[in-house]
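Q: In our numbering, the protein residues as written are 75 to 742. Ideal placement from N, C-alpha and C gives every residue a C-beta, glycine not left out. Sharing a structure with you now.
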Amino acid sequence: HGGEVAETERQGSGAARRPGCASRLRQKQTAGQGWQRRRRRPRPRPRRLFSGQERGLRPKQAGPRSVRRPEDGPVYFIYFFFRYHLTRLFENDRHFSHLSALEKEMAFRTEMGLYYSYFKTIIEAPTFLNGLHHVMNDGLTEYPLVINTLKRFNLYPEVVLASWYRTYSGTMGLLGIPTKMCWSINRGEGLSPVESCEGMGDPAYFYVAFVFLLNGAMMGLFFIYGTYLSGSRLGGIITAACFFFNHGESTRVMWTPPLRESFSYPFLVLQMLLLTYILRTREPGKKAMVALGLSNVFFMLPWQFAQFVLLTQVRALTFGDPCSVCFVLMFGNSMLLTSFYASSLVSIWVSWSDYHRGIMYDAIENLVMFFSFTCRAHISSLIKSKFTSYKDFDTMMYTCAAEFDFMEVETPLRYIKTLLLPINLLVVAAVVGRVRITHFFFTLQLIAFAVLAVLIMRLKLFLTPHMCIMASLVCSRQLFGWIGEKLKLQLVAFAILALMAVQGVSNLQNQWGIIGEFSNLPQEQLLEWIKANTKPSAVFAGAMPTMASVKLSAGRPIVNHPHYEDAGLRERTKMVYAMYSRKPAEVVKRNLQNLQVDFFILEDSWCTRRSRPGCSMPEIWDLGDQENAGKIPLCTILSRDSQPHFKTVFQNTVYKVLKVPKASKVTR
Numbered sequence: 075h076g077g078e079v080a081e082t083e084r085q086g087s088g089a090a091r092r093p094g095c096a097s098r099l100r101q102k103q104t105a106g107q108g109w110q111r112r113r114r115r116p117r118p119r120p121r122r123l124f125s126g127q128e129r130g131l132r133p134k135q136a137g138p139r140s141v142r143r144p145e146d147g148p149v150y151f152i153y154f155f156f157r158y159h160l161t162r163l164f165e166n167d168r169h170f171s172h173l174s175a176l177e178k179e180m181a182f183r184t185e186m187g188l189y190y191s192y193f194k195t196i197i198e199a200p201t202f203l204n205g206l207h208h209v210m211n212d213g214l215t216e217y218p219l220v221i222n223t224l225k226r227f228n229l230y231p232e233v234v235l236a237s238w239y240r241t242y243s244g245t246m247g248l249l250g251i252p253t254k255m256c257w258s259i260n261r262g263e264g265l266s267p268v269e270s271c272e273g274m275g276d277p278a279y280f281y282v283a284f285v286f287l288l289n290g291a292m293m294g295l296f297f298i299y300g301t302y303l304s305g306s307r308l309g310g311i312i313t314a315a316c317f318f319f320n321h322g323e324s325t326r327v328m329w330t331p332p333l334r335e336s337f338s339y340p341f342l343v344l345q346m347l348l349l350t351y352i353l354r355t356r357e358p359g360k361k362a363m364v365a366l367g368l369s370n371v372f373f374m375l376p377w378q379f380a381q382f383v384l385l386t387q388v389r390a391l392t393f394g395d396p397c398s399v400c401f402v403l404m405f406g407n408s409m410l411l412t413s414f415y416a417s418s419l420v421s422i423w424v425s426w427s428d429y430h431r432g433i434m435y436d437a438i439e440n441l442v443m444f445f446s447f448t449c450r451a452h453i454s455s456l457i458k459s460k461f462t463s464y465k466d467f468d469t470m471m472y473t474c475a476a477e478f479d480f481m482e483v484e485t486p487l488r489y490i491k492t493l494l495l496p497i498n499l500l501v502v503a504a505v506v507g508r509v510r511i512t513h514f515f516f517t518l519q520l521i522a523f524a525v526l527a528v529l530i531m532r533l534k535l536f537l538t539p540h541m542c543i544m545a546s547l548v549c550s551r552q553l554f555g556w557i558g559e560k561l562k563l564q565l566v567a568f569a570i571l572a573l574m575a576v577q578g579v580s581n582l583q584n585q586w587g588i589i590g591e592f593s594n595l596p597q598e599q600l601l602e603w604i605k606a607n608t609k610p611s612a613v614f615a616g617a618m619p620t621m622a623s624v625k626l627s628a629g630r631p632i633v634n635h636p637h638y639e640d641a642g643l644r645e646r647t648k649m650v651y652a653m654y655s656r657k658p659a660e661v662v663k664r665n666l667q668n669l670q671v672d673f674f675i676l677e678d679s680w681c682t683r684r685s686r687p688g689c690s691m692p693e694i695w696d697l698g699d700q701e702n703a704g705k706i707p708l709c710t711i712l713s714r715d716s717q718p719h720f721k722t723v724f725q726n727t728v729y730k731v732l733k734v735p736k737a738s739k740v741t742r
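So this is what it looks like as C-alpha cells:
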C-alpha cells in the first residue's frame, strides 16, 4: 500500500489514500527494522478524455458530429468514388439502363448468365422457400439429372440477394412506394420498340447495384489496409491510387459483375487485413480469430478458385475450420473437400501425427489419391500442361481461353509504366534482411501470387491488388526511415504518386472513353423463336455460353453449361462438342439421343474460330481422335445440309437449330 501511495503522490492524480498506510511505513523506517520498500513497476496513467477531467469536470458527451471521425473521410470518399467509377464504366460499355429485360439477361453471357438464372428462379417463385427448393432440386441444368446447385455451384450470393430483393419489393409494395421507372425505347433499324426499366425494383439493376456496392466497400478496405500496413494515411492513399491507375489489371468486375470473384474477393481483402492484425498482435483474442474464420467462410463460399489463395496461407492451421464449415454449407461439395488447399491441410495434419504409416494414414492417402484422379484431375492436367508438352481435350479447352493461358508479356510492361512493379521491387529489397513477420509474410505471398498469375493469367486479379497493398510500404518509416524525417519521406511519397499518375491518369481516361451499346439481335431472334415454337420441356444442347442464355431467358432444359469444373459435366460437354469434331454424323446423333436432346444449336463460329494455331475445335478433337484426322469437320458438313441425320428448324446469320430425331427402340 505504501508503494501505491508513493506512486500516486508522484503522479499527482488526486487518488484517495488509504488511512494509516503512510504512517505505518514511516514508523517501520524510524524503528530501524531494516525493512526496505520494494520498487514496483509504475502503473500506466489512465487516458484522459480531455484536459479538464483531472479537475473533476464531466467529459463531453458524444454528439451527432462525433459519430463519423474526421479521419474516416477518405474512406467514404474512396468508397463512393470507386462505386461511381464501376457504375459509369458498366453503363458506358453496355448502355445498360436502356436495355430491355431480355437484353439485360443476354448481356450476362457464359457463366454470368448461369449464375443469374438461379437468382431469377428464386425471385420468380411463389415463395422464397419454393424458389430455394427449385434451386436445390434443379432438373433444368443437366437434364435429365436432378442436382442440388447449392452443392455443385457457388450460389449463396444469389440466394442472399434473392431474399433481399423479395423483402425489398414486398416492403415497397406494401408502402406503395414505386421502385422502378419504365419507358419505351425505340431501337430503330426496323426493330420493334422495347420496354426498359431502371431502379432497384428491376431485378438485373438490383443485382448489379449490390455487386458495385460491395466492391466499392472493398476499396475503402484497401485504404484502411494500406494505412494500417504502412503506419501512414499516405500509404492508404498510395494503395488506392495504385488500384485506380492499374484498374484494368486489377479487376474485371466492371465488365462481368455476376462472376464469382466479384462476390468473393472483397472478403479476401478483409481476411488479409485481419490476418495482418493477428500477426502484429501478441494476443489477438478470440474475437479476432472468429472474425478471421468468418471472413474465410465468406471468401470460400462464393468462388471455387479461393483454394489457390488459401493454399498460400496454409501455414495458418486455424483455416481448417472455415474449410469444414463451407463443406457443410455446400452440402458436401467434393470440389472443396478435394481441393489442393484441403489436401495440404490434411498433409500437414498427418505429418504432425504419430501415425505416419498407420491405418489412418493409409486410409487418408487412398482417399486423397482417389479424389485427386476424379474430381481434380483436370486441374492437375492443366498444371502439367504448363510445364510439359502434355495436351488433352480438357486442358486445351482451358488453355485456348486467354484467361487460362500464361500471363501476356504486355502485363509486366503496364506495371512498369505505372511504376507499380519498380515500387514493389524496391519494397521487397527493403524487406530482405528484416525480421518483421508481417512484411516478410506479405513478401512471400506476393511471390506466390506472382507464380499463380504467370501460370494462369486469370489469377492476376490476386497479384495486382496485392502489389498495390505492398506499394503502401514506401511510406513505412520502419523500412524507409533512413530517408530522413517524416516530412522528407512524405515528400518522396508524393513525388512517387505524381510520377505514377502520368500513366495512371491516361489509363483511367482510356477506360472512361469506352462507349458502347449492347446488342445481339441474332441471339435475341433465337431465344424468341425458342420461347414461341418449342415446348417448355424441349431439351437443348450446344455451345456452353449459348446454353446459359437458353436456360436463363427461355427457361428450357439443357444438358451442358459453362461450369466446366465437374468431371461428369466435362464428359457430357465432350459428347455434345463431338458435333465440332470429324466423327461420323451417325455417331454424334447417337450421343445426342443418349443424352435425350431434342434440339442442337449449331454455331459456325465454333467450327471455324481459332484463337491461335491448334485451338480450333476440330484441331482440339484431333488430339484424341486420330482415326478421323484429316476428314472434313461434321459442323462444316451440317452447315451446308443437315439432312439426312438432322432437320433444320431455325436459322439466321449466327445460329442454326437442328432437330434431333428420337431414337428408335432398336437403337435404344
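1) Drop a sphere of 10 angstroms on the beta-carbon of L391, count the other beta-carbons inside from all chains shown, and report buried for 16 or more, exposed for fewer.
2) Quick check on the burial criterion: 16 or more other C-beta atoms within 10 angstroms. Buried or exposed for D146?
3) If I'm right that L344 touches S270 with Cβ under 8 angstroms, what's the distance once you round it to whole angstroms?
4) With a Cβ-Cβ cutoff of 8 angstroms, do F202 and R226 count as a contact?
5) Apply the 10 Å Cβ neighbour rule to T727 and answer buried if 16 or more other Cβ atoms are within range, or exposed otherwise.
6) Helix, strand or coil: which one does DSSP assign to F156?
7) In the DSSP output, which residue or residues are listed as bridge partners for A615?
8) Kindly list the residues whose CB is nearer than 6 angstroms to the CB of P631, restricted to its own chain and excluding five residues on each side of it in sequence; keep chain order.
9) Among L563, L582, W586, E357, which has the Cα closest to the Cα of T492?
10) Take W695 and list the residues in its own chain whose beta-carbon comes closer than 6 angstroms to its own, dropping the five residues that flank it on each side.
11) Go to C316, then tell me how far its alpha helix (DSSP H) extends in each direction, as first and last residue.
12) Measuring straight from C-alpha to C-alpha, what distance separates F720 and Y729?
13) Compute the beta-carbon to beta-carbon distance between F170 and Y281, rounded to the nearest angstrom, for a pair I have assumed lies under 8 angstroms.
14) Which word fits G743, buried or exposed, when buried means at least 16 other C-beta atoms lie within 10 angstroms of its C-beta?
15) Answer yes or no: does any C-beta atom of chain C fall closer than 8 angstroms to that of L697?
16) Does the region 549-558 come within contact of the region 346-357, defined as at least 3 CB pairs closer than 8 angstroms?
17) What does a CB cutoff of less than 6 angstroms around V731 pick up in its chain, not counting 5 residues either side in sequence?
18) Just to confirm the assignment, what range does the alpha helix (DSSP H) spanning M255 have?
19) Tell whether a beta-carbon distance below 8 angstroms holds between S580 and L601.
20) Could you tell me the alpha carbon to alpha carbon distance between P496 and L520, rounded to whole angstroms?
21) Note down, in chain order, each residue of its chain lying with its Cβ closer than 8 angstroms to the Cβ of L643, except the 5 sequence neighbours on either side.
22) Less than 8 angstroms between the CB atoms is what I'm expecting for V734 and V671, so what's the real figure, rounded?
23) Along the beta strand (DSSP E) that carries Y725, what are the first and last residues, could you check?
24) Which same chain residues end up closer than 6 angstroms to C689 when comparing Cβ atoms and leaving out the 5 residues on each side of it in sequence?
25) CA-CA distance, T710 and C681?
26) Could you tell me which uninterrupted alpha helix (DSSP H) segments, each at least 4 residues in length, are contained entirely in the region 626-669, listed from first to last along the chain?
27) Counting along the chain, where does the alpha helix (DSSP H) carrying C542 start and finish?
28) Tell me the residue span of the beta strand (DSSP E) that contains C474.
29) With C-beta atoms as the reference, is Y339 less than 8 angstroms away from L535?
30) Less than 8 angstroms between the beta carbons of E185 and L288, yes or no?
31) Going by DSSP, what residue range makes up the beta strand (DSSP E) through Y729?
32) Figure out for me which residue from K460, M470, I557, L563 has the closest Cα to the Cα of I527.
33) Assign Y153 to buried or exposed, taking buried as 16 or more other Cβ atoms, counted over all protein chains shown, within 10 Å of its Cβ.
34) Going by the beta-carbon positions, is the gap between A617 and Q667 smaller than 8 angstroms?
35) Ends of the alpha helix (DSSP H) at S369?
36) Out of curiosity, what's the CA-to-CA distance linking M649 and N665?
A: To lay it out plainly:
1) Because the pLDDT at L391 is just 39, under 50, the model does not fix this residue reliably, and the point stays unresolved.
2) Counting the other CB atoms within 10 Å of its CB gives D146 a total below 16, which places it among the exposed residues.
3) L344 to S270, Cβ: 36 angstroms. No contact.
4) Taking the C-beta atoms as reference points, R226 is found no nearer than 8 angstroms to F202.
5) Exposed: under 16 other Cβ atoms inside 10 Å.
6) Here F156 carries a helix assignment [DSSP, helix/strand/coil].
7) The partner list for A615 (beta bridge, DSSP) reads F674.
8) Result list for P631: L214, Y217, V613, in chain order.
9) Residue L582 holds the alpha-carbon nearest to the alpha-carbon of T492 among L563, L582, W586, E357.
10) So the qualifying residues of the chain are S655.
11) Boundaries of the alpha helix (DSSP H) around C316: 307-319.
12) The straight-line gap separating the alpha-carbon atoms of F720 and Y729 is approximately 15 angstroms.
13) The beta-carbon separation of F170 and Y281, rounded to 11 angstroms, does not stay under the 8 angstroms limit for a contact.
14) This structure does not reach residue 743, given that the chain is present from 75 up to 742, and the question cannot be answered.
15) No chain C appears in the structure shown, which is made up of a single protein chain.
16) The region 549-558, when compared against the region 346-357, does not touch it at the 8 angstroms Cβ threshold.
17) Within the same chain, V731 has close Cβ partners F673, I675, V723, F724.
18) Per DSSP, M255 belongs to no alpha helix (DSSP H); it is in the beta strand (DSSP E), 255-259.
19) No, they are not a contact pair.
20) In a straight line, the C-alpha of P496 is about 14 angstroms away from that of L520.
21) These residues qualify, in order along the chain: E216, N634, H635, H637.
22) Between V671 and V734 the Cβ distance is about 5 angstroms, and since that is below 8 angstroms, they are a contact.
23) Before going further, note that residue 725 is Gln rather than Tyr in the sequence given. Segment 721-725, the beta strand (DSSP E) holding Q725.
24) Short of 6 angstroms from the beta carbon of C689, and not among the five residues preceding or following it, lie these beta carbons of its own chain, in chain order: C474.
25) Their Cα atoms are separated by approximately 7 angstroms.
26) Runs found: 641-650, 659-668.
27) Annotation for C542: the continuous alpha helix (DSSP H) segment containing it runs 534-545.
28) Membership of C474 in any beta strand (DSSP E) is not indicated, and neither H nor E is assigned to it by DSSP.
29) Yes. Within cutoff.
30) At least 8 angstroms separates the beta-carbon of E185 from that of L288.
31) 729-733 is the extent of the beta strand (DSSP E) around Y729.
32) It should be pointed out that residue 527 corresponds to Ala in this sequence rather than to Ile. Minimum Cα-Cα distance from A527 among the listed residues K460, M470, I557, L563 corresponds to K460.
33) Under the 10 Å beta carbon count, Y153 is surrounded by 16 or more other beta carbons and is classified as buried.
34) Judged by their CB atoms, A617 and Q667 are not nearer to each other than the 8 angstroms cut-off.
35) Run containing S369: 360-374, per the alpha helix (DSSP H) assignment.
36) Here the C-alpha atom of M649 lies approximately 6 angstroms from the C-alpha atom of N665.
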